[in-house]
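Protein chains in written order, with the working numbering: chain A, 372 to 704; chain B, 372 to 704.
Okay, so here's the structure we're looking at.
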């Protein structure tokens, strides 16, 4: 089934969405909010599924689904932990800075604790007070868990995944070096992230969901031009089970925890950084990676970071169309 | 007024507590949970205050207040951001590692994004799966904000503080160097924090609450022995207004955001690291700081980190007694 949250009040109103994203049905008889559904998933998921089945069969007529009216599926959450599972991407960025990447990065996942107190809806502008901060998009896959016990294994962690979606992990690149040098991780450099209109249960993904990875291309557009189409199932060094188990090593995770994949990134056919979409390659899911490639090629980055008025679109399709709806945001002030 | 949360369900049940912490009254007529109260503070705070007044006057009899029955006032929260405002402490720890502290640390606050999806109640054991992780307490002051707009000034930030309390920011010291070396900040090294039984409105603190600081001694005990009694109002380089404004520089903060002071720490009379409580000094609010002092004095740390069965108590008193009730936790498994 597919779930969305209408932008009403702090936690929004939960709706069930048809597979083709054309219609929605009020889900308040099953759960008022997505967090409420996740808090009692065993009991509430069957109620939601029954609504979903009736919407799909036409027994429930529903209303037109408009992503413009959506908040993030969880407008605020108790936890947003973002991995950096495409180690290829990390190695590349370091290479451009002529920094060695420790070997351990291939075996010990990178993950940061993100702010989760307020997310952007899929069509809300990205607030940017200062263009000099170097605003960038990061296209990623995200999963939502139910409760995960402390010390969970990868297999337990995989079983705890109840929903899958997309995220634009907005980053302020020019604030990152200063913050990382202080040693306490990201804070000001990671403002509110935006999420896809719809989160879906893994069964909606068919065989594209396997081995704890989502084997589909993540389509990223900048001002309407194709920017990236990397396959999220390729070059993902750590699958979602491994990422969740990493997060749960020293503490339990609450239902409604969001775990991000990190910026999706594919190597080129030669094992290198690949090429742009215009050149026939898989492109990139963030501007920083393209700037890195530009630096490696010609000594300096060429593509600027986001400015006010730029438009970012992130989407993923299957044979039937858009799976999660599109994140489609303009940079505002 | 003083507020607590009884340990019932995921978000607990809100109660108003008498000034002397002897009695409590159900607050569900005003707000079912503390987060619900914070979400509509303008409307709900007066209702809570009226209950508090009636409990204080005896018009409302209430029931005995038992901190053993308490969850954290916010059993889970949308944001926990912990500063490191006692820069003295940071400088000291670096000195023991023979590392220079950048001058900017005196002007640019250190802050990390902490996990907020599940907190420990004031009397709940600290789960510790592996003693080799080097478990430590960190005694801190914490404030709770209502909504803070992006780009808030220090003055706006100070006005957004609605509650004050204490926190034990549990740390796994031996996991920290590895995590910080990876550059993404703390994750596994910061398991669930524990909070005082009661959070109070700033007016309860009288003149001890001024300049965005709480001018009272933070009493820390280890296995019943006095370990620290540093004044939280002294040597706090960044007041809470500055910490909150730092957090809100690039994004707004949701009502119910918890902002920590970092480990409370006082210099000695000579400007140095001070002495233990047994030696007549202000002592320390975490074991790591004492180990640092031991290293500076004799080349190696002597005091071990927490082991199962150790007991940590953190409290703050005014002339009338305990302000927030005591955090009193045994290390468990």
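Ideal placement from N, C-alpha and C gives every residue a C-beta, glycine not left out.
Quantities reported herein were computed from a predicted structural model and do not represent experimental measurements.
Whether residue i touches residue j by CB criterion (9 Å)
i	j	result
residue 442 of chain A	residue 377 of chain A	yes
residue 658 of chain B	residue 567 of chain B	no
residue 485 of chain A	residue 561 of chain A	yes
residue 696 of chain B	residue 493 of chain B	yes
residue 584 of chain A	residue 557 of chain A	no
residue 395 of chain A	residue 389 of chain A	yes
residue 449 of chain B	residue 449 of chain A	yes
residue 570 of chain B	residue 455 of chain A	no
residue 662 of chain A	residue 673 of chain A	yes
residue 372 of chain A	residue 420 of chain A	yes
residue 677 of chain B	residue 547 of chain B	no
residue 405 of chain B	residue 627 of chain B	yes
residue 613 of chain A	residue 528 of chain A	yes
residue 701 of chain B	residue 680 of chain B	yes
residue 431 of chain B	residue 422 of chain B	yes
residue 446 of chain B	residue 490 of chain B	yes
residue 598 of chain B	residue 538 of chain B	no
Reference residue i; option with closest CA among the options
i	options	result
residue 506 of chain A	A:593, A:691 and A:473	A:593
residue 530 of chain B	B:598, B:407, B:498 and B:574	B:574
residue 501 of chain B	A:550, A:620, A:397 and A:403	A:620
residue 634 of chain B	B:678, B:651 and B:588	B:588
residue 721 of chain B	B:410, B:387 and B:418	Nothing about residue 721 of chain B can be reported from this structure: the residues present for chain B run from 372 to 704 only.
residue 565 of chain B	B:603, B:629 and B:596	B:629
residue 603 of chain B	B:637, B:662 and B:525	B:637
residue 586 of chain B	B:651, B:512, B:547 and B:548	B:512
residue 644 of chain B	B:414, B:457, B:551 and B:407	B:457
residue 517 of chain B	B:412, B:402, B:690 and B:384	B:412
residue 690 of chain A	A:439, A:576 and A:668	A:576
residue 452 of chain A	B:545, B:440, B:409 and B:559	B:559
residue 642 of chain A	A:429, A:466 and A:459	A:459
residue 469 of chain B	B:703, B:614 and B:667	B:667
residue 464 of chain B	B:544, B:447, B:616 and B:445	B:544
residue 525 of chain B	B:537, B:480, B:675 and B:490	B:480
residue 563 of chain A	A:618, A:499 and A:521	A:499
residue 704 of chain A	A:550, A:418 and A:503	A:503
residue 600 of chain B	B:550, B:652 and B:467	B:652
residue 477 of chain A	A:397, A:495 and A:606	A:606
Terminal residues of the beta strand (DSSP E) in which residue i lies
i	result
residue 611 of chain B	First-last for residue 611 of chain B: 611–618, but that is the alpha helix (DSSP H), not the beta strand (DSSP E).
residue 459 of chain B	Looking at the DSSP string, residue 459 of chain B is not in any beta strand (DSSP E); the run it does join, the alpha helix (DSSP H), is 458–467.
residue 599 of chain A	596–602
residue 485 of chain A	482–485
residue 553 of chain A	Unbroken run through residue 553 of chain A is the alpha helix (DSSP H), 547–553; no beta strand (DSSP E).
residue 384 of chain A	384–388
residue 510 of chain B	510–516
Residues that residue i bridges to, as DSSP identifies them
i	result
residue 686 of chain A	A:590
residue 699 of chain B	B:684
residue 435 of chain A	A:394
residue 453 of chain B	B:483 and B:631
residue 678 of chain A	Paired residue(s): none; residue 678 of chain A is not in a bridge.
residue 654 of chain B	B:599
residue 441 of chain B	B:377
residue 584 of chain A	A:581
residue 536 of chain A	A:513
residue 721 of chain A	Residue numbering for chain A in the displayed model covers 372 to 704; residue 721 of chain A lies beyond these limits and cannot be assessed.
residue 498 of chain B	B:703
residue 565 of chain A	A:491 and A:539
residue 507 of chain B	B:542
residue 571 of chain B	B:373 and B:535
residue 519 of chain B	B:624
Distance between beta carbons of residue j and residue i, contact taken as under 8 Å
i	j	result
residue 580 of chain B	residue 519 of chain B	Actually they are not in contact, since the Cβ atoms of residue 580 of chain B and residue 519 of chain B sit about 18 Å apart, beyond 8 Å.
residue 509 of chain B	residue 656 of chain B	7 Å
residue 591 of chain A	residue 685 of chain A	5 Å
residue 533 of chain B	residue 572 of chain B	7 Å
residue 624 of chain A	residue 488 of chain B	6 Å
residue 706 of chain B	residue 384 of chain B	Since the first residue shown for chain B is 372 and the last is 704, residue 706 of chain B is missing from the structure and cannot be characterised.
Residue range of the alpha helix (DSSP H) that includes residue i
i	result
residue 419 of chain A	412–428
residue 529 of chain B	525–530
The ligand PLP heavy atom lying under 8 Å from the CB of residue i
i	result
residue 456 of chain B	Absent from the structure shown: the ligand PLP. Ligands present: none.
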